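Student:
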Amino acid sequence: MTSGSARSASAPQNTARGSGGGHTMALLVIASCQLMVVLDITIVNIALPHIQRSLDFSTTSLSWVVNAYTLTFGGLLLLGGRAGDILGRRRVFVFGVLLFVLASLLGGFAQNSGQLLAARALQGVGGAIASPTSLALISTTFREGPERNRAFGVFAAVSAGGGAIGLLAGGILVEWLNWRWVLFVNVPIGLLIALATPRFIKESERHPGRFDFTGALTSTAGMVLLVYGFIRAAQDGWRDALTLASFGAAVVVLAGFVLVERRSRQPITPLRMFADRNRAGTYGIMLCLAAAMFGMFFFLTLFVQNVLDFSPLQAGLAFLPVSAVIAIGAGLASRFLPVYGPKPFMVVGGILAAAGLAWLTLTDVHSTYAGSVLGPMLVFSLGMGMEFVSLTLMALSDVPVPETGAASGLLNATQQVGGSLGLSILVTVFGTASSNEAEKQIPRFLQQATPAERLRFRRTGELPAPWADEVLTSGVSAAFVMAAVFAVLAALIAVVAIQVRPSDLQRLQGSSTEPGPG
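According to the numbering used here, the sequence shown is numbered sequentially starting from 1.
Next comes the structure, spelled out in structure tokens:
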């Protein structure tokens with residue numbers, strides 16, 4: 001029999017029920033929270049035109065409806081994860097969910113652009129508190145081995161598929177109700193999660209100690225500056241003065257964060273996590289795959305609505321198979337991880353994602369959804385399902401229980417930063433390719449255009465269809481080339497950096513010498 005201290009460092013807590021049914025409900029609560037937080041990144045995308053008309057946003061300021069959430073969510077994830085370690089994960093989890101509910105309610109009732117942007121930023125704060133804590137709760141609730149593997153599989157499938165579900169939900173709510181319901185829908189879901197949490201999830205052990213406020217401040221400020229720099233670069237270019245200033249300030253502040261963490265006795269992010277080559281490789285893979293995934297959703301949404309003329313609801317339905325296939329990939333990975341370890345799934349997942357994106361580069365104005373979009377999208381989704389389970393498991397493998405919140409927060413932060421960085425690069429590639437194509441299409445348009453069409457073009461600078469479709473498709477195809485490069489890089493990192501030891505397989509198989517819960 002191990003000592004109590006040894007158990008607290010390695011064995012998970014029981015759920016309140018302590019039974020299989022209790023574990024199932026605990027997983028349902030945790031996964032529901034993650035789904036709510038993740039889909040909120042994409043659910044508003046389809047509603048943006050309606051929000052613009054309702055609250056009189058300019059085209060430029062409209063992007064902040066998304067960016068206000070991304071900035072606070074990405075910037076505060078490390079602090080949210082650490083708060084759960086110190087204050088108790090269930091307590092912090094419920095607080096984050098309720099804050100998210102309050103912000104959603106305020107956003108739904110917003111009467112002007114300022115109120116909506118403030119509510120979106122507050123949503124990001126709630127999500128940053130709840131999301132890393134929900135992942136850490138899996139480590140302290142489920143027994144190491146097949147039980148925890150399955151839980152990670154469900155969590156990873158929800159994390160990867162939430163974006164597609166958000167697009168579908170947004171299309172349904174906007175077409176059947178109105179744009180405010182993309183925010184109001186979080187209120188009943190969040191309240192149910194908050195009410196169910198004390199019943200099915202036991203509070204984790206608190207690890208008293210001082211808060212690393214200096215580390216929290218510098219990490220948050222540095223992450224916000226970095227994410228803002230990426231967003232600014234996508235809008236105004238890499239040579240924009242404010243873009244360069246943001247990146248420069250981010251480098252200075254994050255360098256200060258590293259110095260603070262090296263000297264701190266209780267750092268918000270223990271730097272020794274990066275000393276493990278598997279964990280460092282996992283963060284690198286997540287950066288690359290998040291870039292590819294954010295790009296896939298963004299550009300395919302443009303393509304199916306602008307070129308294929310899908311309605312918001314049709315566009316949402318078009319992405320529904322993504323969630324189903326991600327769930328299949330996650331299920332396969334979680335089932336066979338104890339036999340083969342995570343590395344094969346990281347490598348194969350990256351190759352499948354790259355293959356799907358490379359296939360999407362072949363799309364043109366004559367493409368159809370069934371003939372040119374669905375197939376590559378499913379290949380990509382299968383790879384991502386395999387990847388997210390393996391990455392989640394590897395990021396939290398062999399991490400002491402007091403630091404699981406910090407480790408999960410760092411993984412989530414890596415995903416957000418990778419998505420923002422990758423999307424800004426892909427938008428730059430898209431802009432260059434589409435500008436080059438426009439130079440070819442404008443003379444063709446002027447040769448065939450009526451006097452009225454020429455006058456409209458001089459006034460707006462926008463080409464009409466089908467010339468605009470050619471420009472958009474050329475840019476999208478070029479962006480998918482770069483996204484495929486990101487996925488290939490993820491596979492190469494997995495080949496070079498990831499090592500699976502016999503002890504890793506023993507933990508995955510649940511054959512550790514430590515006793516399980518109960």
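Backbone N, C-alpha and C fix where the C-beta goes; we use that ideal spot for every residue, glycine too.
Since the model is a prediction, treat every value here as computed from it, not as a measurement.
(1) Can you name, in chain order, every residue of its own chain whose Cβ lies under 6 Å from the Cβ of Ala68, other than the five neighbours on each side?
(2) When the Cα of Val307 is compared with those of Gly256, Val258, Ser367, Gly341, which residue comes out closest?
(3) Might you give, ordered along the chain, the residues of its own chain that have their beta carbon closer than 8 Å to the beta carbon of Asp240, omitting 5 neighbours on each side?
(4) Hey, out of Thr282, Pro312, Leu98, whose CA is closest to Leu191's CA?
(5) At the level of alpha carbons, what is the spacing between Val29 and Phe142?
(6) Within a Cβ cutoff of 7 Å, which residues of the same chain sit near Ser434, ignoring the five residues on either side of it in sequence?
(7) Reducing DSSP to helix, strand and coil, say where Gly475 ends up.
(8) Three-state secondary structure (DSSP) at Trp359?
(9) Touching or not, the stretch 294 to 310 and the stretch 246 to 264, by the rule of three or more beta carbon pairs under 8 Å?
(10) Considering only their Cβ atoms, is the gap separating Val125 from Leu183 smaller than 9 Å?
(11) From Trp359 to Gly349, what distance separates their C-alpha atoms?
(12) Once you ignore the five residues that flank Phe57 on each side, which residues in its own chain have a CB closer than 6 Å to its CB?
(13) Could you check what DSSP says for Asn306 in three-state terms: helix, strand or coil?
(14) Measure the C-alpha to C-alpha separation of Ser54 and Val253 and round it to an integer number of angstroms.
(15) Would you kindly report the start and end of the unbroken alpha helix (DSSP H) that includes Ile86?
(16) With a CB to CB cut of under 7 Å and the five nearest residues on each side skipped, what residues in its chain are close to Ala490?
(17) Rounded to whole angstroms, what's the CA-CA distance from Glu166 to Thr197? Just pull it up for me.
(18) Give the DSSP-derived three-state secondary structure of Lys343 in the structure shown.
(19) Can you give me the C-alpha to C-alpha distance between Thr59 and Asn45, rounded to a whole angstrom?
(20) Alpha carbon to alpha carbon, how far is Ala291 from Thr218?
(21) Applying the 10 Å Cβ sphere with the 16-neighbour rule, what's the burial state of Glu437?
(22) Using only CA atoms, which one of Thr70, Phe310, Ile138 lies nearest to Phe93?
(23) Can we say the stretch 312 to 328 touches the stretch 412 to 419, given the rule of at least three CB pairs closer than 8 Å?
(24) Comparing alpha-carbon positions, which option in Thr24, Ala26, Leu35 lies nearest Ser323?
(25) Just to confirm my understanding: we take Thr214, look at its own chain, exclude 5 residues before and 5 after, and list those with CB closer than 6 Å. What are they?
(26) Drop a sphere of 10 angstroms on the beta-carbon of Gly171, count the other beta-carbons inside from all chains shown, and report buried for 16 or more, exposed for fewer.
(27) Decide if Gln415 is buried, meaning its Cβ has at least 16 other Cβ atoms within 10 Å, or exposed.
(28) Roughly how many whole angstroms lie between the Cα atoms of Phe274 and Met386?
(29) Val347: which of Phe100, Ile51, Ile86, Ala497 sits nearest, CA to CA?
(30) In this structure, how does DSSP classify Ile328 when only helix, strand and coil are distinguished?
(31) Roughly how many angstroms separate the alpha carbons of Leu410 and Ala250, rounded to a whole number?
(32) Please name the residue, chosen from Ala128, Pro338, Met394, Leu446, that lies closest to Leu71 on a Cα-to-Cα basis.
(33) Quick one: give me the first and last residue of the alpha helix (DSSP H) that Ala47 is part of.
(34) Where does Ser264 sit, in a helix, a strand or coil, going by DSSP?
Tutor: Let me lay it out:
(1) In the sequence shown, the residue the question calls residue 68 occupies position 68. Cβ neighbours of Ala68 beyond the five flanking positions: Leu117, Arg120, Ala121.
(2) Here residue 307 is taken as the residue at index 307 of the sequence shown, counted from 1. Per the Cα distances, Ser367.
(3) Residue mapping note: residue 240 aligns to position 240 of the sequence shown, counting from 1. Hits under 8 Å: Arg232, Ala233.
(4) Taking the first residue of the sequence shown as position 1, residue 191 is located at position 191. It is Leu98 whose Cα lies nearest to the Cα of Leu191.
(5) As a first step, residue 29 must be located in the sequence shown, where it is residue number 29. As a first step, residue 142 must be located in the sequence shown, where it is residue number 142. About 14 Å.
(6) For the purposes of this step, residue 434 is identified with residue 434 of the sequence shown, where counting begins at 1. Counting only Cβ-Cβ distances below 7 Å, and skipping sequence neighbours, we find Val471, Leu472, Ser474, Gly475.
(7) Position 475 of the sequence shown, counted from the first residue, corresponds to residue 475. It is helical.
(8) Within the sequence shown, the letter at position 359 stands for residue 359. In the structure shown, Trp359 sits in a helix (DSSP, three-state: H, G or I).
(9) no
(10) Taking the first residue of the sequence shown as position 1, residue 183 is located at position 183. Taking the first residue of the sequence shown as position 1, residue 125 is located at position 125. Cβ distance not < 9 Å, so Leu183 and Val125 don't count as in contact.
(11) Your numbering for residue 359 matches position 359 in the sequence shown. Your numbering for residue 349 matches position 349 in the sequence shown. Answer to the nearest angstrom: the Cα atoms are 15 Å apart.
(12) Taking the sequence shown and counting its residues from 1, the one referred to as residue 57 is at position 57. Hits under 6 Å: Ser113.
(13) Residue mapping note: residue 306 aligns to position 306 of the sequence shown, counting from 1. Correct three-state label for Asn306: helix.
(14) If you number the sequence shown from 1, residue 54 lands on position 54. If you number the sequence shown from 1, residue 253 lands on position 253. When rounded, the distance between both Cα atoms is 38 Å.
(15) Reading the sequence shown from its first residue, position 86 is the one you call residue 86. Its alpha helix (DSSP H) spans residues 64 to 87.
(16) Start at 1 with the first residue of the sequence shown, and residue 490 comes out as number 490. Same-chain partners within the cutoff: Ile285, Cys288, Leu289, Gly350.
(17) In the sequence shown, residue 166 corresponds to position 166, counting from 1. In the sequence shown, residue 197 corresponds to position 197, counting from 1. A quick correction: the sequence has Gly, not Glu, at residue 166. Cα-Cα distance, rounded: 23 Å.
(18) Here residue 343 refers to the residue found at position 343 when the sequence shown is read from its first residue. Looking at Lys343 - three-state DSSP - the assignment turns out to be helix.
(19) Here residue 59 refers to the residue found at position 59 when the sequence shown is read from its first residue. Here residue 45 refers to the residue found at position 45 when the sequence shown is read from its first residue. Since pLDDT at Thr59 reaches only 48, below the 50 mark, its modelled position is unreliable, and no value is offered.
(20) The sequence position of residue 291 within the sequence shown is 291, counting from 1. The sequence position of residue 218 within the sequence shown is 218, counting from 1. If you take the alpha carbons of Ala291 and Thr218, they lie about 24 Å apart.
(21) The count along the sequence shown starts at 1 and reaches residue 437 at position 437. Flag for Glu437 reads buried.
(22) Working through the sequence shown from its first residue, we reach residue 93 at position 93. It is Ile138.
(23) no
(24) Numbered from 1 along the sequence shown, position 323 holds the residue referred to as residue 323. Answer by Cα proximity: Leu35.
(25) In the sequence shown, residue 214 corresponds to position 214, counting from 1. Hits under 6 Å: Val260.
(26) Taking the first residue of the sequence shown as 1, we reach residue 171 at position 171. The residue is buried, with at least 16 neighbouring Cβ atoms inside 10 Å.
(27) Walking along the sequence shown from the start, residue 415 turns up at place 415. Buried, by the Cβ-count rule.
(28) Along the sequence shown, read from residue 1 onward, the residue named residue 274 stands at position 274. Along the sequence shown, read from residue 1 onward, the residue named residue 386 stands at position 386. If I take the Cα positions, the gap works out to 23 Å.
(29) In the sequence shown, counting from the first residue as 1, residue 347 sits at position 347. Ranking the options by Cα distance to Val347, first place goes to Ala497.
(30) Taking the first residue of the sequence shown as position 1, residue 328 is located at position 328. Three-state DSSP puts Ile328 in a helix.
(31) The residue labelled residue 410 in the question sits at position 410 within the sequence shown. The residue labelled residue 250 in the question sits at position 250 within the sequence shown. One C-alpha to the other measures close to 17 Å.
(32) Walking along the sequence shown from the start, residue 71 turns up at place 71. It is Ala128.
(33) Here residue 47 refers to the residue found at position 47 when the sequence shown is read from its first residue. Taken as a continuous stretch (DSSP letters only), Ala47 belongs to no alpha helix (DSSP H), as it is neither H nor E.
(34) Taking the first residue of the sequence shown as 1, we reach residue 264 at position 264. It is coil, neither helix nor strand.
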